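In order, the protein sequences belong to chains L, Y and V. Residues in the first sequence are numbered consecutively from 30, following this note's numbering. Residues in the second sequence are numbered consecutively from 3, following this note's numbering. Residues in the third sequence are numbered consecutively from 103, following this note's numbering.
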Amino acid sequence: MPKVPGLIKGLSITLKEVVKTMVKGAETVQYPHEKEALAPRSRGVIALHEDNCTSCMLCARECPDWCIYIEGHKDLAPPRRAGGSPRSVNKLDRFDIDYSLCMYCGICVEVCPFEALFWTPEYEYSEPRIADLLHDKTRLGQWMETVPEFESYEAGSVAKVKKVPRP
Amino acid sequence: MTAKTDAQKLSYIAAQAADARVNVELEAEGMTLNIGPQHPATHGTLRIIVRLDGEQVTKVDPVLGYMHRGYEKLAEVRTYPQVTTLINRIDWVGSFANEVPFVLAAEQLMGIEAPDRAQWIRTILFEMGRIANIVLFLGDMGVQLGAVTPMFYALRDRELILNQIESATGGRFHPNFNRIGGVKDDLPAGWIEDTKVALDKIMSFCDDAEGLIVGNEIFEERTRGVGIIPADIGLEYGLTGANIRASGVDWDLRRDSDIGLPYDKVDWKVWTHPDGDSFARYWVRLQEVRESCKIVEQLLDSLPSGAIMAKVPRIIKVPEGEACIATENPLGQMSYYVVSKGGLEPFRVKIRTASFSNMSITPWLLKGAYVPDVITILASLYFILGDLDR
Amino acid sequence: MLLLELAYWQESILKLLLGFIVVLVPAGVTVYLYLFKMVSFMQSRLGPMEAGPYGSLQLLAELGKSAQKEDIFPDKADRIVYAAAPYVVIVSSFLLVLVVPFGPDAYFVNFDTGIFFALAVSSLSVIGILMAGWASASKYSLMGGLRAAGQLIAYELPLILAVVGVVIQAGTLNMQGIVDAQINGEIFGWGGLGNPFILTQFIAFFIFMVAVQAELTQTPFDMPVAESELVTGYMTEYSGFRFLMFFIGEFATANIFAFLGATLFLGGWSVPPFVTDMLGLDPYSAWFNLIGPIVMLTKMLLITFVIYWVRFTYPRFREDQLQAFAWKFLIPLSLVNIAITGVAKVVF
């Protein structure tokens, strides 16, 4: 027949947990009333800094799901110095990210050579209709306000901390 | 369909016959029970057709493929960085571990060596993936046997590890952190201390699990002597990982293979158990979690400084060649055989997963077991469906 | 029954209503306290908190949800048997509560063979479970039903034999008589605490608790409802209101077995005599018809606390281990207990 002590120890562990939860509160976060603070690097949603984007199409090409839609046109901007020739710039018409397809891999943010895309830890953007999960240029620009500053690194790192462009 | 071998045709006919038996009510000898694709016990969509005689199993037909997602075919039309995002999702519980062998294979083909700090960070996150995976197992085996409470303790303490993985990589379950040549980004400030706190919590959970489950006499009665795998049969069927170590075989690729990860710079040991039954498999995995915590602590203390990425061109074109790298993943041995014809995309990626080979022993192992023991044995072999079907 | 003189038909209606209340209200209370809150606290979480203050109305939400669900009949199920099975199970709880005394005059019927009647009707639920298992036309239900039949019949014997020890010590099968024996008894000459039978019959109490755990198919004896193997065993094919009947029946039966345990071992509706002496009350006064139910509720909550504490901590036994535990360990132990009680009764 089984020895008793192991069974009693199991009971005492669960009883201790009951008392601990009654006295100190539960370990779970009561979601709508309290929200957990996510790490700054968490991949919540992608924000677009439109001024840096030159519609080079690298992000749209590298996306494994093809969920970024970019359309742009060339425009003439005034010359940098007086007496120079007008230079052509790319202007964005449309920059949509379809979050119903996005798999939050981060390849687009990494691959962008002009640092126009940033990760933010925002996650509360679910919609009742799937079509509303297509974030257009304006909405992506609004996410820029929630982009956290880049953190400093651990000791021993030689990487430089990048700066987030703020308006 | 395309030309099939005789063996394939026979197994197809057997599966059809098993289906027919399942749907027939009256049967002459024995009852055919479908432990179907939707079942609380199988970790996902696994189907096992068992032929019962009372409560004893006479014949077992596992039917796989309900979760096949076509990884090997998908990898042929993705560039190397894109393949890394896909293969996170093979074993989604200890997901960092899936990326490592692939990236090591690609680095071997390109002839690049990742700097020391990157290898250290890779190993730390690899072991943390192992801890996350096996802590889930420790709770899950309790649930399969009826003890509902330890599962919650496992999930609660595992959260801290996942939070640490998230603060370093950005994603709890799909880190997507390895790059060819190193890792994507360096560790944020304060990460080492928070990780040590998380590891302490995991060690205390291991003590809880010993009190609640391993020491519990009911658990011992349910698992001792159930599903004994002799060492030679296990090796014949290709069992790897904790399953074979629980049968007494001293096999661990972290110590034996030489792929650049700094396991030789750390003081750790490989745990084996001579019995080979379900209790041994649980016990070995429990000790492995403790060992992984010790490995991570030592690696955190000895983290070298330096760059985290070697010099790699912008567009990754891998030269022609083949490379095969096997690592000791949480579930067993996982290897990637990458064939490249010099393009942006791999020509062929063959993924050898541990669960698929571990599954092959079930027809032999489950013969003669009782129905409750079927559940115990499947739980102790521990496969994740994503790993099984890819 | 109380302060008013009621006609027989009025009394009958009152007893009918009270019967429903006594079965269903404690079931609701224990479901909330233990199934929603205690198990959650054991698992470091808070349980339902949104429906009503601290989740107290969650059970109402569950009742409403189950009542409006579609009543599914499997194609090959035997319709009459399938439909009747939950009611057979719950009828035994209602029959059990008839003999439990809640006060000196607060009882439904006062049989001379009260406890014998209770043990007899508690086996009715086995029939209901077997009906559910066979009529569901599903292999999982069938296996669950067969396992349940074996287990419940095996654990009835320890239950009965444990109670025999109490009966020998009390000297009567009458439930009120057993309570009287505990009030008027003395421990080594001191009558302050009465003589709750848990002190002398602790072996019988242990066997009683284990047997009750098995009769209710709670872990570690829940092979018939082994969730990870048989989905929900004999209840797999039931949905909506019939599933609710099984669910409420399980909790109601747990409570009523706890009431029985409180009556047999903890002194029933009485408070220890030194308290009544301090307050200057007669232990059989009419006040106890009001205090008695509250005392019984408290004692019932204590016993069900132990039942659910064990339920949520341990894994489950395998079927053959379960049977071996009953036949090879519990029954011999209970026979030993009867022998010791018999000898002690004659000697002391």
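Note that the Cβ used here is the ideal one computed from N, Cα and C, for glycine as well. The structure presented is a predicted model; accordingly, all values stated were derived computationally and were not measured.
Proximal residues of chain L, C-beta to C-beta of residue i below 8 Å
{"i": "Y:N331", "result": "Ordered by position in chain L, no residue passes the 8 Å Cβ test against Y:N331, which lies about 21 Å from the chain."}
{"i": "V:F414", "result": "T43"}
{"i": "Y:T274", "result": "The premise fails here: Y:T274 is roughly 24 Å from chain L at the closest Cβ pair, so nothing lies under 8 Å."}
{"i": "V:M140", "result": "V47"}
{"i": "V:M151", "result": "Q59"}
CA nearest to the CA of residue i, picked from the options
{"i": "V:V228", "options": "V:W411, V:F304 and V:G252", "result": "V:G252"}
{"i": "V:A220", "options": "V:F419, V:T415, V:L159 and V:F361", "result": "V:F361"}
{"i": "Y:R124", "options": "Y:Y82, Y:V95 and Y:I167", "result": "Y:I167"}
{"i": "Y:F358", "options": "Y:R392, Y:D375, Y:K343 and Y:W122", "result": "Y:R392"}
{"i": "Y:E57", "options": "V:P326, V:L200 and V:L126", "result": "V:P326"}
{"i": "Y:R224", "options": "V:A354, V:F427, V:R418 and V:E352", "result": "V:R418"}
{"i": "Y:S408", "options": "Y:I133, Y:T81 and Y:V351", "result": "This structure cannot speak to residue 408 of chain Y, because chain Y is shown only from 3 to 392."}
{"i": "Y:R174", "options": "L:R72, L:A66 and L:V48", "result": "L:R72"}
{"i": "L:R70", "options": "Y:Y155, Y:W193, Y:P103 and Y:D118", "result": "Y:W193"}
{"i": "V:V312", "options": "V:G273, V:K447, V:L435 and V:G342", "result": "V:L435"}
{"i": "Y:P117", "options": "Y:D188, Y:L54, Y:T364 and Y:G131", "result": "Y:D188"}
{"i": "V:D214", "options": "V:S341, V:G273, V:K447 and V:I405", "result": "V:G273"}
{"i": "Y:D277", "options": "Y:K75, Y:P232, Y:D196 and Y:Q10", "result": "Y:P232"}
{"i": "Y:F385", "options": "Y:L138, Y:A170, Y:S304 and Y:T60", "result": "Y:L138"}
{"i": "Y:Y73", "options": "Y:N331, Y:R354 and Y:A328", "result": "Y:R354"}
{"i": "V:M277", "options": "V:T321, V:D324, V:I350 and V:A208", "result": "V:A208"}
{"i": "L:R195", "options": "L:K189, L:G112, L:L77 and L:R123", "result": "L:L77"}
Cβ-based burial, residue i [other Cβ within 10 Å; buried from 16]
{"i": "Y:V26", "result": "Below a pLDDT of 50, predicted positions are generally treated as unreliable, and Y:V26, at 48, falls in that range; the measurement from the model is reported next regardless. With fewer than 16 Cβ atoms within 10 Å of its Cβ, Y:V26 is classed as exposed."}
{"i": "V:S387", "result": "exposed"}
{"i": "Y:L28", "result": "At Y:L28, the pLDDT of 45 sits below 50, so the modelled position is not reliable and the matter cannot be decided from this model."}
{"i": "Y:Q40", "result": "exposed"}
{"i": "L:S181", "result": "exposed"}
{"i": "V:V445", "result": "exposed"}
{"i": "V:N297", "result": "buried"}
{"i": "Y:E129", "result": "buried"}
{"i": "V:V201", "result": "buried"}
{"i": "V:I289", "result": "exposed"}
{"i": "L:S114", "result": "exposed"}
Supposed close pair residue i, residue j - CB separation, criterion 8 Å
{"i": "L:W148", "j": "Y:G172", "result": "7 Å"}
{"i": "Y:I114", "j": "Y:E101", "result": "With a Cβ gap of about 16 Å, Y:I114 and Y:E101 do not count as contacting."}
{"i": "V:G363", "j": "V:V412", "result": "Actually they are not in contact, since the Cβ atoms of V:G363 and V:V412 sit about 14 Å apart, beyond 8 Å."}
{"i": "V:L205", "j": "V:N439", "result": "Looking at the sequence shown, residue 205 of chain V is not Leu but Gly. The Cβ separation is near 30 Å, so there is no contact."}
{"i": "L:A89", "j": "L:I97", "result": "4 Å"}
{"i": "Y:T87", "j": "L:C134", "result": "4 Å"}
{"i": "V:G342", "j": "V:D173", "result": "5 Å"}
{"i": "Y:V340", "j": "Y:A108", "result": "6 Å"}
{"i": "Y:D254", "j": "Y:E330", "result": "6 Å"}
CB contact check: residue i to chain C, cutoff 7 Å
{"i": "Y:I379", "result": "You won't find chain C in this structure, because its protein chains are L, Y and V."}
Partners in chain Y for residue i, counting only beta-carbon separations shorter than 9 Å
{"i": "V:D384", "result": "Simply none; closest approach about 47 Å."}
Proximal chain V residues relative to residue i, where beta-carbon distance stays under 9 Å
{"i": "Y:R224", "result": "P417, R418, F419, R420 and Q423"}
{"i": "L:A76", "result": "Going along chain V, no residue has its Cβ under 9 Å from L:A76, so there is no contact; the nearest lies around 33 Å."}
{"i": "Y:R158", "result": "Q145, S146 and R147"}
Within chain Y, the residues that residue i reaches when beta carbons sit closer than 7 Å
{"i": "V:K430", "result": "Those within 7 Å of V:K430 in chain Y number zero; the least Cβ separation is about 13 Å."}
{"i": "L:V54", "result": "Note on identity: in this sequence residue 54 of chain L is Gly, with Val being the wrong assignment. Ordered by position in chain Y, no residue passes the 7 Å Cβ test against L:G54, which lies about 13 Å from the chain."}
{"i": "V:T321", "result": "G148"}
{"i": "V:D324", "result": "G148"}
Chain-ordered chain V contacts of residue i [CB-CB under 8 Å]
{"i": "Y:N218", "result": "Y416 and P417"}
{"i": "Y:E212", "result": "Correct list: empty, because the minimum Cβ distance to chain V is about 14 Å."}
Partner residues on chain L for residue i, Cβ-Cβ distance less than 9 Å
{"i": "Y:P306", "result": "G185"}
{"i": "V:W411", "result": "L40, T43, L44 and V47"}
{"i": "Y:Q84", "result": "E91, C92, P93, C134 and I136"}
Where residue i meets chain Y, residues with beta-carbon distance less than 8 Å
{"i": "L:W148", "result": "G172"}
{"i": "L:R72", "result": "G172 and G173"}
{"i": "L:A111", "result": "Here the premise fails: no neighbours, minimum Cβ distance about 36 Å."}
Contacts that residue i makes with chain L (C-beta to C-beta distance below 7 Å)
{"i": "Y:D188", "result": "Y182, E183, S186 and A188"}
{"i": "Y:E168", "result": "A68 and S71"}
* Any chance you could list the alpha helix (DSSP H) runs of at least 4 consecutive residues sitting entirely within the stretch 308-341 of chain Y, in chain order? => none
* To do: Jot down the residue ranges of each uninterrupted alpha helix (DSSP H) in the stretch 24-87 of chain Y, minimum 4 residues, whole runs only, in chain order.
  => 73-77
* Kindly provide the ranges of any alpha helix (DSSP H) runs that are 4 or more residues long and lie completely inside the stretch 258-340 of chain V, ordered along the chain. => 277-286, 304-317 and 329-332
* To do: Just list the alpha helix (DSSP H) runs in the stretch 70-129 of chain L, keeping only unbroken ones of 4 residues or longer that don't cross its boundaries, in chain order.
  => 87-91
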